[in-house]
Amino acid sequence: MSLKSINPATEVLIQEYQAHSDDQIETILNRAMQCFMDRKSRPAPDEAVLQSIQKAADILEKNAEIYGQLITAEMGKPISQAVAEVNKCAGLCRYYAENAATFLTPRKVPTESKKSFVRYDPLGPLLAIMPWNFPFWQVFRAAVPALCAGNPVILKHASNVTGSALKVAEIFQEAGLPDGLFQVLLISGSRMAEVVAHPDIRGVTLTGSEEAGRSVASVAGQHLKKCVLELGGSDPFIVLKDADLEKAASTAAQARCINSGQSCIAAKRFIVEESIGEEFLAAFQKALENLRVGAPTDKNTDIGPLARKDLRDDLHDQLQRSIQEGATLLLGGEPEEGPGYFYKTTLIRSDSIYNNALQDETFGPLAAVILAGNEREAIELANQSRFGLGGSLWTRDLEKAESLVSQIETGSITVNDLLRSDVRMPFGGIKDSGFGREMGSEGILEFVNQKAIRING
Numbered sequence: 051m052s053l054k055s056i057n058p059a060t061e062v063l064i065q066e067y068q069a070h071s072d073d074q075i076e077t078i079l080n081r082a083m084q085c086f087m088d089r090k091s092r093p094a095p096d097e098a099v100l101q102s103i104q105k106a107a108d109i110l111e112k113n114a115e116i117y118g119q120l121i122t123a124e125m126g127k128p129i130s131q132a133v134a135e136v137n138k139c140a141g142l143c144r145y146y147a148e149n150a151a152t153f154l155t156p157r158k159v160p161t162e163s164k165k166s167f168v169r170y171d172p173l174g175p176l177l178a179i180m181p182w183n184f185p186f187w188q189v190f191r192a193a194v195p196a197l198c199a200g201n202p203v204i205l206k207h208a209s210n211v212t213g214s215a216l217k218v219a220e221i222f223q224e225a226g227l228p229d230g231l232f233q234v235l236l237i238s239g240s241r242m243a244e245v246v247a248h249p250d251i252r253g254v255t256l257t258g259s260e261e262a263g264r265s266v267a268s269v270a271g272q273h274l275k276k277c278v279l280e281l282g283g284s285d286p287f288i289v290l291k292d293a294d295l296e297k298a299a300s301t302a303a304q305a306r307c308i309n310s311g312q313s314c315i316a317a318k319r320f321i322v323e324e325s326i327g328e329e330f331l332a333a334f335q336k337a338l339e340n341l342r343v344g345a346p347t348d349k350n351t352d353i354g355p356l357a358r359k360d361l362r363d364d365l366h367d368q369l370q371r372s373i374q375e376g377a378t379l380l381l382g383g384e385p386e387e388g389p390g391y392f393y394k395t396t397l398i399r400s401d402s403i404y405n406n407a408l409q410d411e412t413f414g415p416l417a418a419v420i421l422a423g424n425e426r427e428a429i430e431l432a433n434q435s436r437f438g439l440g441g442s443l444w445t446r447d448l449e450k451a452e453s454l455v456s457q458i459e460t461g462s463i464t465v466n467d468l469l470r471s472d473v474r475m476p477f478g479g480i481k482d483s484g485f486g487r488e489m490g491s492e493g494i495l496e497f498v499n500q501k502a503i504r505i506n507g
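Each position in the sequence shown, counted from 1, maps to that position plus 50 in my numbering.
Printed below as a string of structure tokens:
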């Protein structure tokens, strides 16, 4: 079978790639395990690996515009955001190149033994199953910490961004990463289970849908393999009555529509105290109207197309269900005319937290607002979700904010700003948003054997 990359702004085929055969898959997996066995006696992090990660950062920064154009062509991200994604990857590379040795330093533990410590040994080849919405960032944030820890990485990327997957491999190769440490597997999603089950795979990290996460976790569980899952999100954006409404409304529009609304940690459920509800709605709608939907190659574009036609169709179907369930359409609500998978910036209001758009994840420029009687109800509404990835809280009372954030069921939360992932902080979710953490010191320790050692004599 073949894997197709189609430009979502023009609907033109970019390139078709031949999927790997059974023999090619076996060769890639065996090569990763052999690489691990050949290198496992070396202490992590290996200086040669750190140098190549640092060199990869240089390559990314030097070619950010070129790589950004590839991202934009394959999945439609506005070019300014695509270039920013590449530069963010460079920052991640530098962070781990500079800090991995500290994170992996054996930890001394006082015991009755002459010497006691915990050392961090690599697990072995990891399968990284990555999505299309951040085709460089998701790969680098999963691969770089694992590589620094001594684990070979095999990337199974989303088929519509195969060009990006191969470019990342090319970057690592140019940077001098030792052969076999990073490889790309060209297969369809239907073959993931057999690869997860393969004896040469020691662990799996997946960013994707709930369905994919449950499937991978099931297979990994059957074979007792460690996995980290970063799944969907329906992040609450909570605006209390003492918030800076103008700033909250303008930030809300950005938080919902960044990456054309196709982000797991985009704000999706806007929960506003009733006393300021109408004022916020008016400001929020105006801010959304001011965002420009257009060609993703234009640096002035705020919102590009959705990445695939089926994604646009799914978003529209979801909107229709929400309206049928009682939501009021305030803005947008239909695809843009002409070629490409564009969708109008859309705003709805619902009186029920059980409305489809407030229960299921929406992936696109669709914002759903619900009013809360008071701050206690706002927190309750925020937690009435099966997801728990991220969130945002808006209030001028920072002492109150510190108290309230502990009550909100998420893996990450920010106060008076939109939520962004930060390489210095752990990232991941709870509930149906998955488990395990990426980034920070926590991320590099997910796929290591934390070996307890006691020496006597």
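From the three backbone atoms N, C-alpha and C, an ideal C-beta is built for every residue, glycine too.
- A distance below 9 Å separates the beta carbons of PRO202 and LEU231.
- In the three-state DSSP reduction, ASN309 falls in the helix class (H, G or I).
- The criterion of a C-beta distance shorter than 9 Å is satisfied by ARG252 and LEU173.
- Here the alpha carbon of THR212 sits roughly 8 Å from the alpha carbon of LEU53.
- Looking at the DSSP output, VAL289 sits in a beta bridge with VAL322 and TRP444.
- As far as DSSP is concerned, LYS138 takes part in no beta bridge.
- In this structure, the straight-line span from the alpha carbon of GLY383 to that of THR395 is close to 7 Å.
- By the beta-carbon neighbour count (other beta carbons within 10 angstroms, threshold 16), GLN374 is exposed.
- Fewer than three beta-carbon pairs drawn from the segment 264–274 and the segment 297–315 are found closer than 8 Å, and the two stretches are therefore not classed as touching.
- Rounded to whole angstroms, the gap between the alpha carbons of GLN434 and GLN409 is 8 Å.
- Taken in chain order, the complete beta strand (DSSP E) segments of 3 residues or longer contained in the segment 51–105 are 52–56 and 63–68.
- The DSSP assignment places 165–172 and 176–180 as complete runs of the beta strand (DSSP E) inside the segment 141–194, in order along the chain (cut-off: 3 residues).
- Under the DSSP definition of a beta bridge, LEU416 partners with THR396.
- Beta-bridge analysis with DSSP links PHE437 to LYS481.
- For the 9 Å CB-CB criterion, ASN210 and ALA357 form a contact.
- The DSSP-derived three-state label of CYS314 is coil.
- Of the residues assessed, ASP285 falls on the buried side of the cut-off, its CB having 16 or more other CB atoms within 10 angstroms.
- When the Cα atoms are used, GLU488 and CYS139 turn out to be separated by approximately 14 Å.
- Beta-bridge annotation (DSSP): LEU279 is paired with LEU256 and PHE485.
- Ranked by Cα distance from VAL245, the options PRO181, PHE485 and ALA267 are led by ALA267.
- Counting of Cβ neighbours within 10 angstroms places ASP250 among the buried residues, the total reaching 16 or more.
- Contact check for LYS318 against ALA407 passes: the beta carbons are separated by less than 9 Å.
- Shown here for PRO128: same chain residues with a beta carbon closer than 6 Å to its own, the five before and five after excluded, namely PRO346, THR351 and GLY354 in chain order.
- The shortest CA-to-CA distance from LEU416 to any of GLN370, ARG92 and ASN466 is the one to GLN370.
- According to DSSP, PRO385 shares a beta bridge with TYR393.
- When DSSP reads this structure, GLN500 sits in a beta bridge with TYR170.
- Under the three-state reduction of DSSP output, VAL269 falls in the helix class.
- For THR378, the secondary structure class from DSSP, reduced to helix, strand or coil, is strand.
- By the CB criterion at 9 Å, SER325 and LYS297 fall outside the cutoff.
- Taking GLY441 as the centre and dropping the five residues before and after it, the same chain places the C-beta of ASP285, PRO286, ILE458, THR460 and ILE463 closer than 6 Å to its C-beta, in chain order.
- With contacts defined by Cβ atoms closer than 9 Å, LEU281 and ALA262 form a contacting pair.
- With a cutoff of 9 Å on beta-carbon distance, ARG191 and PHE477 are scored as near each other.
- Within its own chain, the residues whose Cβ lies closer than 7 Å to the Cβ of LEU177, once the five positions on either side in sequence are excluded, are ILE204, LYS206, VAL245, VAL246, ILE251 and VAL254, listed in chain order.
- Across the set PHE184, GLN84 and THR445, the C-alpha of PHE184 shows the shortest separation from the C-alpha of GLY126.
- Runs of the alpha helix (DSSP H) spanning 4 or more residues and lying entirely within the segment 110–135 occur at 114–125, in chain order.
- Beta-bridge partners assigned by DSSP to HIS207: MET180.
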